[in-house]
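Residue numbers (mature numbering (1 follows the signal peptide of the UniProt record, and there is no 0)): -15 to -1, 1 to 202. C-beta atoms are modelled at their ideal positions from N, C-alpha and C, and glycine is treated no differently.
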Ligand SMILES: *[C@@H]1O[C@H](CO)[C@@H](O)[C@H](O)[C@H]1NC(C)=O
Ligand SMILES: *[C@@H]1O[C@H](CO)[C@@H](O)[C@H](O)[C@H]1NC(C)=O
Ligand SMILES: *[C@@H]1O[C@H](CO)[C@@H](O)[C@H](O)[C@H]1NC(C)=O
């Protein structure tokens, strides 16, 4: 009898662990999917607004080991004089070999070095967490909820970026320009859409998201 109870106990504990591990995996999948679409959405919007911009090289702190002989094309980029990699997505400053730039406009989320992927991922994380919490608590997915969640995305962004120089972004959500507000809102809307499109309510044992009332697209 004692043995049976012990066995049941082991099974229960083990079962819960398996369940929580798979919930964690589902949550990681949710975040990664949202981060991926959020980044490609940014690329599309950026190109639509700046049709003549062909690249957007940014300094990366991630040490990646590139083969020096792959940096073949001398070019003057917005970041200065560089040698560009054969893949055209990475550049190295001509006069400082430890300065590596990546073209975030022409990279998929999967190609981004970890420092640049981090922000997308962190934004996706905040959006996913609040969407999932909202579904579990059966909140009304109305315009008000979307606004509030977008505001949280912005607040969390400010916390991560306190040392950034762009002071115009360090203001309450209501004071942001429409363009900036829309970035936060996009993260929330993408998370809602992908939650349904990937049938994540099955994975999280919840219900699909139904918008209530008028939602500004
Ligand atoms: C770098 O690339 C060159 C030319 O493609 C090749 O000969 C060399 O072996 C490579 N070096 C390393 C460390 O991979
Ligand atoms: C070269 O770049 C690295 C990384 O940005 C920087 O820390 C270093 O000071 C630079 N070196 C020179 C000589 O400018
Ligand atoms: C934000 O806007 C409100 C009015 O809409 C204004 O009273 C407030 O001072 C602004 N705050 C900042 C930090 O710009």
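beta-carbon residue i near ligand 1 non-hydrogen atom, thresh 7 angstroms
i           : result
residue 72  : no
residue 105 : no
residue 52  : yes
Nearest-angstrom Cα separation, counted from residue j out to residue i
i           : j           : result
residue 120 : residue 130 : 11 angstroms
residue 66  : residue 73  : 14 angstroms
residue 113 : residue 140 : 15 angstroms
residue 152 : residue 95  : 30 angstroms
residue 12  : residue 36  : 35 angstroms
residue 2   : residue 75  : 42 angstroms
residue 218 : residue 133 : Any property of residue 218 remains undetermined from this structure, which presents the chain solely from -15 to 202.
residue 58  : residue 68  : 5 angstroms
residue 103 : residue 77  : 22 angstroms
residue 7   : residue 173 : 23 angstroms
residue 200 : residue 97  : 32 angstroms
With 16 other Cβ atoms within 10 Å as the buried cut-off, status of residue i
i           : result
residue 155 : exposed
residue 175 : buried
residue 108 : buried
residue 184 : exposed
Near ligand 3: residue i beta-carbon under 7 angstroms from a heavy atom
i           : result
residue 147 : no
Cβ shell of residue i (< 6 angstroms), same chain only, five flanking positions each side left out
i           : result
residue 193 : 181 and 186
residue 64  : 42 and 86
Closer than 7 angstroms: residue i CB and nearest ligand 2 heavy atom
i          : result
residue 84 : yes
residue 40 : no
residue 81 : yes
Residues near residue i by beta carbon distance below 7 angstroms, same chain, minus five either side
i          : result
residue 40 : 88, 90 and 91
Neighbourhood of residue i by C-beta distance below 8 angstroms, restricted to the same chain and skipping five residues each side
i           : result
residue 106 : 16, 17 and 20
Beta carbon shell of ligand 3 at less than 5 angstroms from a heavy atom: 156 and 160
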